[in-house]
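Encoded as structure tokens, the structure appears first; notes follow it.
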């Protein structure tokens with residue numbers, strides 16, 4: 014189930030997962046799990062990511078109305 018847009022936000026900002034991991038104090042593997050929607054970051058970490066990417070935290074989330082159509086790599090509306 015797709016719940017976040019971290020990967021898209023990173024690409025839009027030109028920031029690598031490695032850089033985000035370093036700035037968060039997390040491993041690359043953990044950030045990769047967040048970005049690939051395999052693991053959802055805790056709310057405080059989501060806020061840290063939003064601060065690092067200079068976006069509103071809501072921009073990192075996928076609407077629950079759209080989410081029901083997004084599973085395992087399906088295209089988001």
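Residue numbers (my numbering): 14 to 90. No residue lacks a Cβ here, since even glycine has one placed at the ideal position from N, Cα and C.
Would the beta-carbon of residue i fall within 9 Å of that of residue j?
i: residue 17; j: residue 66; result: no
Which residues in the same chain as residue i place their Cβ atom closer than 8 Å to its Cβ, once the five residues preceding and following it in sequence are excluded?
i: residue 69; result: 63
i: residue 40; result: 34
Measure from the alpha carbon of residue i to the alpha carbon of each residue in the options, then state which is nearest.
i: residue 21; options: 49, 38, 36; result: 49
i: residue 29; options: 15, 44, 38; result: 44
Got a sec, what are the start and stop residues for the alpha helix (DSSP H) residue i sits in?
i: residue 43; result: 41-48
i: residue 64; result: 56-66
i: residue 53; result: Unbroken run through residue 53: none, as it is neither H nor E.
i: residue 33; result: 30-37
Going by beta carbon distance, what residues of the same chain come within less than 6 Å of residue i, once the five residues before and after it are set aside?
i: residue 47; result: 19, 54
So, for residue i: in the same chain, excluding its five sequence neighbours on each side, which residues have a beta-carbon less than 7 Å away from its beta-carbon?
i: residue 38; result: none
i: residue 59; result: 70, 73
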